[in-house]
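So the protein lines, in turn, are chains F and W.
Heads up: take any position in the first sequence, counting from 1, add 306, and you land on this note's numbering.
Heads up: take any position in the second sequence, counting from 1, add 6, and you land on this note's numbering.
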Amino acid sequence: AQSVTQPDIHITVSEGASLELRCNYSYGATPYLFWYVQSPGQGLQLLLKYFSGDTLVQGIKGFEAEFKRSQSSFNLRKPSVHWSDAAEYFCAVGARSGNTPLVFGKGTRLSVIA
Amino acid sequence: DSGVTQTPKHLITATGQRVTLRCSPRSGDLSVYWYQQSLDQGLQFLIQYYNGEERAKGNILERFSAQQFPDLHSELNLSSLELGDSALYFCASSPRQPAYEQYFGPGTRLTVT
Numbered sequence: 307a308q309s310v311t312q313p314d315i316h317i318t319v320s321e322g323a324s325l326e327l328r329c330n331y332s333y334g335a336t337p338y339l340f341w342y343v344q345s346p347g348q349g350l351q352l353l354l355k356y357f358s359g360d361t362l363v364q365g366i367k368g369f370e371a372e373f374k375r376s377q378s379s380f381n382l383r384k385p386s387v388h389w390s391d392a393a394e395y396f397c398a399v400g401a402r403s404g405n406t407p408l409v410f411g412k413g414t415r416l417s418v419i420a
Numbered sequence: 007d008s009g010v011t012q013t014p015k016h017l018i019t020a021t022g023q024r025v026t027l028r029c030s031p032r033s034g035d036l037s038v039y040w041y042q043q044s045l046d047q048g049l050q051f052l053i054q055y056y057n058g059e060e061r062a063k064g065n066i067l068e069r070f071s072a073q074q075f076p077d078l079h080s081e082l083n084l085s086s087l088e089l090g091d092s093a094l095y096f097c098a099s100s101p102r103q104p105a106y107e108q109y110f111g112p113g114t115r116l117t118v119t
């Protein structure tokens, strides 16, 4: 079964600074990979997804993520963080076969300071 | 707006009671998933339906049950409620099953007093 780890529980960055949120997965093959964002009291919104092809994936709100097979990672990046990016970010992994639903990481809370 | 709707938005009830949460998936999506999110447990997968059939079960208590109707909307029934059931309950839908991208509803906040 697949699993996903988000090593950072909480990250604080300054507005305008760059951001990288880490995600590592465990799966025997190349999985489907996703990043979601959740603002307080809201549902999860899909930021971006990787199925195949180009390992650098562009998403909404200026986010991108890079799939690195050798490191089993799918880190989320943004070159310049805005205060409105403060939220909880979840990485998720899905198996390409079988009947297993997505597995979500425990999330990374992002705080943005002026 | 993801296209997934959930009602009610908030629900306050007493211990021992039973409640029903409702979810309407995005148009055309056949899969519906239910999740529970609490501060101590994080996001927990409960159960998945695909075109009316149960397809996967996660950490769902026996006091909880769900179903998906022919029009594809789904209901999550929570009975004999305990204080610890207080949480955000999310529904998500996807066009395929099981590991395709999911679109989440706004959630139902359940408070058990």
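Glycine included, C-beta positions come from ideal geometry on N, C-alpha and C.
Range covered by the beta strand (DSSP E) that runs through I317/F: H316 to S320
Name the DSSP bridge partner or partners of Q47/W? In the DSSP output, where bridge partners are listed per residue, Q47/W has none listed.
Would you check if the distance between the CB atom of T114/W and the CB atom of L27/W is smaller than 7 Å? yes
Own chain residues within Cβ distance below 7 Å of L362/F, not counting five before or after: E370 and E372
Go ahead and label G411/F buried or exposed: buried means 16 or more other beta carbons lie within 10 angstroms of its beta carbon, across all protein chains shown. buried
From the DSSP secondary-structure annotation, give me the bridge partner or partners of H16/W. R115/W
In three-state DSSP terms, what is S309/F? strand
Burial state of P337/F, where buried means 16 or more other Cβ atoms lie within 10 Å: buried
Where do the N-terminal and C-terminal ends of the beta strand (DSSP E) with N330/F fall, by residue? N330 to S332
Hey, out of F380/F, A335/F and S309/F, whose CA is closest to S403/F's CA? A335/F
To the nearest angstrom, how far is it from the Cα of K384/F to the Cα of C329/F? 14 Å
For P101/W, decide whether its Cβ has a neighbour in chain F, counting only Cβ atoms nearer than 7 Å. no
Taking G9/W as the reference, give the member of P76/W, S44/W, G90/W and R32/W with the closest Cα. R32/W
If the cut is a Cβ gap below 8 Å, which residues of chain W does Q348/F touch? P112 and G113
Return the chain-ordered ranges of every beta strand (DSSP E) run that is complete within the stretch 59-112 of chain W and spans a minimum of 3 residues. 59-63, 70-74, 80-84 and 93-100
Just to check my reading of the structure: F380/F and Y331/F have Cβ atoms closer than 8 Å, yes? What is that Cβ distance to the nearest angstrom? 7 Å
Taking the beta strand (DSSP E) that I366/F belongs to, which residues open and close that run? Neither: I366/F is in no beta strand (DSSP E) and is coded neither H nor E.
With 16 other Cβ atoms within 10 Å as the buried cut-off, status of L45/W: exposed
Residue from G48/W, Y95/W and H79/W with nearest C-alpha to C29/W: H79/W
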